[in-house]
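Numbering (the working numbering), first residue to last: 269 to 461. The C-beta atom is built at its ideal place from N, Cα and C for all residues, glycine as well. For reference, the structure is listed below as structure tokens.
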């Protein structure tokens with residue numbers, strides 16, 4: 269099941285809200301210290317790129333964005349220096365034909381059904397290089413709710429499930445963070461093929 273296409277409908281509202289918020293920036297900057305200079309970063313559910321991708325690009329990382337909203341992809345390409353971005357499903361993007369030093373999925377994974385979340389994390393293991401890094405957000409408790417913007421169903425599988433799924437896919441937990449908006453971040457490192 270793809271991410272709700274309603275983000276296209278709400279793109280303007282999403283950009284207005286997200287581009288005025290610094291939520292998550294400090295965590296992403298802490299995480300980015302793990303990356304080698306000039307790393308390539310796959311930004312899944314990239315939105316307009318502000319504020320997350322823009323701060324990573326300012327630090328010299330090469331950003332590649334994927335989003336299902338053409339409006340958000342257009343904004344990403346305008347706002348993120350030297351970025352590439354495509355309007356495609358995060359489940360079958362052409363960017364999966366290459367490898368990246370890191371991948372981020374902020375505000376994304378929990379929008380997918382359980383089976384798709386598991387497949388998604390496994391898919392990222394084939395895209396992130398050995399020694400590379402993955403950062404995503406999800407609550408630590410098993411929990412369901414409605415997405416604030418679109419009303420779409422959201423589901424957290426919970427910390428233990430994400431750790432197990434990550435380990436099964438070849439990732440090991442490096443760190444966890446909580447931002448000023450109380451969003452939980454899982455930071456993984458790719459250790460096996």
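Check, Outcome
"Per the contact definition of three or more C-beta pairs closer than 8 Å, is the stretch 297-315 in contact with the stretch 401-420?", "yes"
"Taking 8 Å as the threshold (C-beta atoms), are residue 446 and residue 425 in contact?", "no"
"Can you tell me whether residue 397 is buried or exposed, with buried defined as 16 or more other CB within 10 angstroms of its CB?", "exposed"
"Per DSSP, what are the beta-bridge partners of residue 372 in this structure?", "311, 403"
"Tell me whether residue 325 sits in a helix, a strand or coil according to DSSP, three-state version.", "helix"
"Determine contact between the stretch 341-348 and the stretch 369-384, defined as no fewer than three beta-carbon pairs at a distance below 8 Å.", "no"
"Kindly indicate which residue of 329, 387, 369, 352 has the alpha-carbon position closest to the one of residue 458.", "369"
"Of the choices 327, 308, 326, whose alpha-carbon is the least far from that of residue 333?", "308"
"Short of 7 Å in beta carbon distance, which residues of its chain neighbour residue 408, apart from the five on each side in sequence? Order them along the chain.", "426, 427, 452"
"Apart from the five residues on each side of it in sequence, which residues of its chain come closer than 8 Å, Cβ to Cβ, to residue 385?", "377, 378, 423, 425, 433"
"Measuring alpha carbon to alpha carbon, tell me which of 418, 444, 394, 360 ends up nearest residue 438.", "394"
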